[in-house]
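Student: Protein sequence lines, in the order shown, are assigned to chains W and Z. Taking the numbering used here as reference, the numbering of the first sequence is continuous, increasing by one, and the terminal residue is 248. Taking the numbering used here as reference, the numbering of the second sequence is continuous, increasing by one, and the terminal residue is 585. Think of the CB as a built atom: it goes at the ideal place given N, C-alpha and C, for glycine as much as any other residue. Below is the structure I would like to discuss, written out as structure tokens.
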Amino acid sequence: MSDKILLSAENISKSFNHIKALQKVTIKAFEGKITAVIGDNGSGKSTFIKILSGSLEPDEGIIKIGTNSYHRLSVAQAINAGIRTVYQDLSLDNFKNSVENIFLGDEITRCGFLDRKAMRVEAAALLEEIKVRIPDLSEPVRNLSGGQRQGLAIARALRRPAKLLLLDEPTAAMGIQESAKTMEMLGMLKRKGIAQLIVSHNMEQVFDIADHIYVMRSGEVLVDTAVSDTSPEELRELILRREDERIF
Amino acid sequence: MKGYFDISAKRLKYMGDKMEKILGYIKKEFSSPVLLICFCLMISVFLSISTESFYSLKNVVNILEANSYRMILAVGMMCIITSGAIDLSVGSILSFSAICTAISLKAELPIALCILLGLLSGTVMGVINGVLVYATRINPLIITLATSYMYRGLSLMVTEGIPVTKLPESFREIGCGDIFGMESGVTAAFVIIIAMIPVFFFMKWGSYIASLGGNPEALKRCGVKTWKYRISVFALMGFLASVSGIIVSARLNSAEANAGLNMEMDAICAVIMGGTALHGGKGSLFGTVIAVFLMGLIRNGLTIMSVSSYYQQFITGAMLLCAVVIAELRERRARIG
Ligand SMILES: Nc1ncnc2c1ncn2[C@@H]1O[C@H](COP(=O)(O)OP(=O)(O)OP(=O)(O)O)[C@@H](O)[C@H]1O
Ligand SMILES: [Mg+2]
Chain W
1 MSDKILLSAE NISKSFNHIK ALQKVTIKAF EGKITAVIGD NGSGKSTFIK
51 ILSGSLEPDE GIIKIGTNSY HRLSVAQAIN AGIRTVYQDL SLDNFKNSVE
101 NIFLGDEITR CGFLDRKAMR VEAAALLEEI KVRIPDLSEP VRNLSGGQRQ
151 GLAIARALRR PAKLLLLDEP TAAMGIQESA KTMEMLGMLK RKGIAQLIVS
201 HNMEQVFDIA DHIYVMRSGE VLVDTAVSDT SPEELRELIL RREDERIF
Chain Z
249 MKGYFDISAK RLKYMGDKME KILGYIKKEF SSPVLLICFC LMISVFLSIS
299 TESFYSLKNV VNILEANSYR MILAVGMMCI ITSGAIDLSV GSILSFSAIC
349 TAISLKAELP IALCILLGLL SGTVMGVING VLVYATRINP LIITLATSYM
399 YRGLSLMVTE GIPVTKLPES FREIGCGDIF GMESGVTAAF VIIIAMIPVF
449 FFMKWGSYIA SLGGNPEALK RCGVKTWKYR ISVFALMGFL ASVSGIIVSA
499 RLNSAEANAG LNMEMDAICA VIMGGTALHG GKGSLFGTVI AVFLMGLIRN
549 GLTIMSVSSY YQQFITGAML LCAVVIAELR ERRARIG
């Protein structure tokens with residue numbers, strides 16, 4: 001591939017006590033492309049996302065973003081480099097309302113005071129744009145539905161112009177319609193030139209939007225392929241066959 | 249004529265809607281304070297009727313004066329509990345900072361410096377709590393239980409258990425002299441509450457403090473340096489404890505290692521009664537303030553009615569129990585309904 005590499009994580013390893021969550025994982029994200037990471041439960045996808053977003057420290061490995069390389073990426077560095085993340089657990093403060101959650105950590109202030117009105121207006125416009133319907137923005141988010149909460153997490157990631165979106169199962173709790181809308185939106189963002197790294201269990205979805213696919217198992221990259229070089233059937237078979245090899 | 253009535257009907261409906269909205273907001277945000285105010289009024293009316301000395305300006309001033317330092321402690325504790333932590337070392341910090349001030353007064357240092365030293369010692373102890381809680385990630389209950397013994401131990405070591413008494417008149421003048429016809433402690437409490445309103449409700453600090461209780465991991469993932477807020481909230485508590493320590497020692501004209509025993513429990517009690525949940529995430533400043541006042545009112549009433557102080561403890565405990573049960577029931581109903 002002749003595309004420009006936006007981010008490359010090389011030989012990332014991470015253990016939790018005796019569990020090897022990641023073993024020498026190398027994954028690259030290309031400018032303006034969608035990269036998908038698929039794999040079974042517990043294969044280390046979320047751990048990898050957390051390392052890229054700076055909220056978890058890898059034991060080994062290096063993360064290269066543009067001309068910079070990091071052994072230990074901090075959240076602030078990741079945000080400054082244009083990385084935005086939708087975590088699998090959504091990372092919302094349940095006691096705060098939708099507006100406060102969208103602006104958490106990056107509030108609009110006037111003379112040191114929170115400008116609630118401006119934030120409310122901007123949040124409402126943003127949610128409208130990405131078609132997330134929340135009837136009462138002042139309701140604590142613990143009272144919202146799973147899909148609404150996921151929409152909020154995505155809205156938060158999209159609020160500021162990003163270079164790379166990390167999406168950890170962004171549509172897991174969404175209905176068919178909302179999920180389709182979100183996918184449509186991701187396609188639109190791609191056309192705008194925003195690169196994405198998306199974790200998903202949905203093979204069809206992945207083949208719909210992704211350019212490149214990584215398949216993970218037990219903390220290792222099993223398959224690394226361009227979408228055009230493979231098919232869902234082939235991947236499925238590959239995953240299952242490797243499973244058999246492991247067992248017998 | 250008809251048109252006029254039309255408009256007024258519309259207006260009436262508009263006003264009705266508006267009213268409903270405001271009431272709904274009050275019910276949602278201020279239900280505990282409102283409940284507590286009703287309690288206060290009921291007790292006041294009862295005491296006014298049944299006793300002679302309750303209903304007087306002097307007595308109200310008396311209540312405020314006797315509770316000013318409790319008010320200050322409770323405001324700090326409210327911030328701590330909102331941030332999902334707890335601080336059991338408040339009483340020990342209070343006593344140590346009072347001793348610090350008293351000893352430097354005895355050494356005939358300038359009075360402003362003595363007070364500054366007291367405030368500084370309290371703030372440093374708060375910072376130590378905060379750093380320990382942040383760095384070790386151990387439950388603040390355990391950390392501050394340990395430091396509470398340590399700080400109290402320091403006080404005992406420094407004073408060898410002997411109270412530092414006969415403080416200079418000029419210090420007493422500052423610590424509990426007259427401002428606006430009341431002890432200066434009341435003014436201090438008032439200033440602190442007023443200063444807390446913008447910080448707690450309208451600035452990032454208050455919002456982040458609440459998120460520390462709500463979801464600290466999320467706050468961190470949004471790029472906020474959580475250590476700043478974790479440490480600063482404990483530092484604030486330490487500072488406020490030392491302010492209280494100075495007020496208490498000025499009132500009693502002495503500083504001793506056993507001052508401030510169980511003060512943290514009183515403060516926690518007021519905070520919880522005021523509607524702040526023990527798990528944090530959301531705090532109630534006004535509820536806390538009113539709860540302290542309510543507790544003071546009850547204490548005062550029982551004293552006036554010459555009920556033994558043994559009953560006071562029992563009644564305070566029973567009220568706390570009622571308050572948390574009511575809060576819990578309300579929360580459950582909200583969750584189901
Ligand atoms: N904080 C942690 N402490 C201990 N073990 C952890 C921790 N986080 C993850 N693990 C372990 O690391 C492995 C990978 O977890 P991870 O969450 O990355 O999986 P995943 O691929 O995202 O799975 P899923 O599809 O279920 O989301 C799992 O075995 C998990 O138990
Ligand atoms: Mg996961």
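1. Suppose contacts are defined by Cβ-Cβ distances below 8 Å. Is residue 193/W in contact with residue 32/W by that definition?
2. Apart from the five residues just before and just after residue 336/Z, which ones in its own chain have a Cβ nearer than 6 Å to its Cβ?
3. Among all the DSSP beta bridges, which residues are the ones paired with residue 60/W?
4. Given 8 Å as the limit, is there contact between the region 518 to 530 of chain Z and the region 347 to 358 of chain Z, that is, 3 or more CB pairs closer than that?
5. Using a beta-carbon distance cut-off of less than 8 Å, what residues from the region 191 to 221 of chain W approach chain Z?
6. Is any heavy atom in ligand 1 found nearer than 7 Å to the beta carbon of residue 47/W?
7. Since residue 399/Z contacts residue 344/Z with CB under 8 Å, what's their CB separation in whole angstroms?
8. Run the proximity test for residue 168/W: is its beta-carbon closer than 7 Å to any non-hydrogen atom belonging to ligand 2?
9. Taking 7 Å as the cut-off, is the C-beta of residue 88/W nearer than that to any heavy atom in ligand 2?
10. By a C-beta neighbour count over all protein chains shown, 10 Å radius and 16 as the cutoff for buried, is residue 410/Z buried or exposed?
11. Any beta carbon of chain W sitting closer than 8 Å to that of residue 547/Z?
12. Taking contact to mean 3 or more Cβ pairs, one atom from each stretch, closer than 8 Å, check whether the region 8 to 19 of chain W and the region 134 to 142 of chain W are in contact.
13. Which partner residues of residue 20/W appear in the DSSP bridge assignment?
14. Any beta carbon from chain Z within less than 8 Å of residue 99/W's own beta carbon?
15. Three-state secondary structure (DSSP) at residue 39/W?
16. Since I believe residue 488/Z is in contact with residue 320/Z (beta carbons under 8 Å), could you give me their beta-carbon distance rounded to a whole number of angstroms?
17. What are the residues of the region 379 to 392 of chain Z that lie near chain W, defined by any Cβ-Cβ distance shorter than 9 Å?
18. With a threshold of 16 other CB atoms inside 10 Å of the CB of residue 439/Z, please say whether the residue is buried or exposed.
19. Could you tell me which chain W residues have their CB closer than 8 Å to the CB of residue 446/Z, listed as they occur along the chain?
20. Across the region 417 to 429 of chain Z and the region 353 to 367 of chain Z, are there enough close Cβ pairs to call them in contact, namely three or more that are closer than 8 Å?
21. Just to check my reading of the structure: residue 168/W and residue 77/W have Cβ atoms closer than 8 Å, yes? What is that Cβ distance to the nearest angstrom?
22. Which residues bound the beta strand (DSSP E) around residue 224/W?
23. Does DSSP put residue 510/Z in a helix, a strand or coil?
24. Exposed or buried, which one is residue 135/W when buried takes at least 16 other CB atoms within 10 Å?
25. Start and end of the alpha helix (DSSP H) containing residue 317/Z?
26. With a threshold of 7 Å, establish whether the CB of residue 19/W neighbours any heavy atom of ligand 1.
27. Verify the contact flag: residue 528/Z, CB atom, against every heavy atom of ligand 1, threshold strictly below 7 Å.
28. If contact means a Cβ-Cβ distance below 9 Å, which residues of the region 63 to 93 of chain W contact chain Z?
29. Residue ranges of each alpha helix (DSSP H) run of no fewer than 4 residues wholly in the region 70 to 156 of chain W, ordered along the chain?
30. Can you check which of these residues, 469/Z, 264/Z and 474/Z, is closest to residue 453/Z by C-alpha distance?
31. Examine chain Z for any beta-carbon lying closer than 8 Å to the beta-carbon of residue 168/W, and answer yes or no.
32. CB of residue 30/W to nearest heavy atom of ligand 1: below 7 Å?
33. Verify the contact flag: residue 463/Z, CB atom, against every heavy atom of ligand 1, threshold strictly below 7 Å.
34. Name, please, each residue of chain B whose Cβ falls closer than 9 Å to the Cβ of residue 300/Z.
35. Give me the residue from 346/Z, 534/Z, 461/Z and 424/Z with the minimum Cα distance to residue 283/Z.
36. Strictly under 8 Å for the Cβ-Cβ distance: is residue 163/W near chain Z by that measure?
Tutor: Taking the coordinates as given:
1. Numbered from its first residue, the first sequence carries residue 193/W at position 193. Numbered from its first residue, the first sequence carries residue 32/W at position 32. Their beta carbons are under 8 Å apart, which means residue 193/W touches residue 32/W by this criterion.
2. What you label residue 336/Z is simply residue 88 of the second sequence in a count that begins at 1. Answer for residue 336/Z: 392, 393, 396 and 512, listed in chain order.
3. In the first sequence, counting from the first residue as 1, residue 60/W sits at position 60. 13/W.
4. In short, these stretches do not touch, since the Cβ pair count stays below three.
5. Answer set for the region 191 to 221 of chain W: empty.
6. Position 47 of the first sequence holds residue 47/W. At least one heavy atom of ligand 1 is nearer than 7 Å to the Cβ of residue 47/W, so yes.
7. By 1-based counting over the second sequence, the position of residue 399/Z is 151. By 1-based counting over the second sequence, the position of residue 344/Z is 96. The C-beta distance from residue 399/Z to residue 344/Z rounds to 5 Å, short enough to meet the 8 Å contact threshold.
8. Looking up residue 168/W in the first sequence gives position 168. Correct: residue 168/W has its Cβ closer than 7 Å to ligand 2.
9. By one-based count along the first sequence, residue 88/W stands at place 88. Flag set: Cβ of residue 88/W near ligand 2.
10. For the purposes of this step, residue 410/Z is taken as residue 162 along the second sequence, with counting starting at 1. Exposed.
11. On the second sequence, residue 547/Z is found 299 positions in, with the first residue counted as 1. The beta-carbon of residue 547/Z is placed no less than 8 Å from the nearest beta-carbon of chain W.
12. They do not touch, by the three-pair rule.
13. Here residue 20/W corresponds to residue number 20 of the first sequence, with the count starting at 1. Answer is 15/W, bridged to residue 20/W.
14. Within the first sequence, residue 99/W is the residue found at index 99, counting from 1. It does not: the Cβ of residue 99/W has no partner Cβ on chain Z nearer than 8 Å.
15. For the purposes of this step, residue 39/W is taken as the residue at position 39 of the first sequence. DSSP places residue 39/W in the strand class (E or B) of the three-state scheme.
16. The residue given as residue 320/Z occupies position 72 in the second sequence. The residue given as residue 488/Z occupies position 240 in the second sequence. Contact flag correct, Cβ pair sits at about 5 Å.
17. None of the residues of the region 379 to 392 of chain Z has a beta carbon lying less than 9 Å from any beta carbon of chain W.
18. The residue given as residue 439/Z occupies position 191 in the second sequence. The residue in question, residue 439/Z, is exposed, as its Cβ has fewer than 16 Cβ neighbours within 10 Å.
19. In the second sequence, the residue the question calls residue 446/Z occupies position 198. Going along chain W in sequence order, the residues near residue 446/Z (Cβ under 8 Å) are 113.
20. Of all C-beta pairs linking the region 417 to 429 of chain Z to the region 353 to 367 of chain Z, three or more are shorter than 8 Å, placing the two stretches in contact.
21. For the purposes of this step, residue 168/W is taken as residue 168 along the first sequence, with counting starting at 1. For the purposes of this step, residue 77/W is taken as residue 77 along the first sequence, with counting starting at 1. Rounded, the Cβ-Cβ distance is 19 Å, inconsistent with contact.
22. Position 224 of the first sequence, counted from the start, is the residue given in the question as residue 224/W. That run of the beta strand (DSSP E) goes 220 to 226.
23. To locate residue 510/Z, count along the second sequence from 1; it is residue 262. In the structure shown, residue 510/Z sits in coil (DSSP, three-state: anything other than H, G, I, E or B).
24. The count along the first sequence starts at 1 and reaches residue 135/W at position 135. Exposed.
25. Here residue 317/Z refers to the residue found at position 69 when the second sequence is read from its first residue. Residue 317/Z -> alpha helix (DSSP H) spans 305 to 330.
26. Walking along the first sequence from the start, residue 19/W turns up at place 19. Yes, Cβ of residue 19/W sits closer than 7 Å to a heavy atom of ligand 1.
27. Along the second sequence, read from residue 1 onward, the residue named residue 528/Z stands at position 280. Taking the Cβ of residue 528/Z as the reference point, every heavy atom of ligand 1 lies at 7 Å or farther away.
28. Residues of the region 63 to 93 of chain W with a C-beta atom less than 9 Å from some C-beta of chain Z are 74, 75, 76, 78, 79, 80, 85, 87, 89, 90, 91, 92 and 93, listed in chain order.
29. Runs of alpha helix (DSSP H) with 4 or more residues, each lying fully within the region 70 to 156 of chain W, are found at 75 to 80, 98 to 102 and 116 to 129, listed in chain order.
30. Within the second sequence, residue 453/Z is the residue found at index 205, counting from 1. Selection 469/Z, 264/Z and 474/Z evaluated against residue 453/Z yields 474/Z as nearest (Cα-Cα).
31. As a working note, residue 168/W is residue 168 in the first sequence. Residue contact check for residue 168/W against chain Z: no CB pair falls below 8 Å.
32. Position 30 of the first sequence, counting from 1, holds the residue named residue 30/W. Relative to ligand 1, residue 30/W has its C-beta separated by 7 Å or more from all heavy atoms.
33. As a working note, residue 463/Z is residue 215 in the second sequence. Residue 463/Z: no, Cβ never under 7 Å from ligand 1.
34. In the displayed structure, chain B is absent; the protein chains listed are W and Z.
35. Position 35 of the second sequence, counted from the first residue, corresponds to residue 283/Z. Considering only alpha carbons, the answer is 534/Z.
36. In the first sequence, the residue the question calls residue 163/W occupies position 163. So no, residue 163/W is outside the interface.
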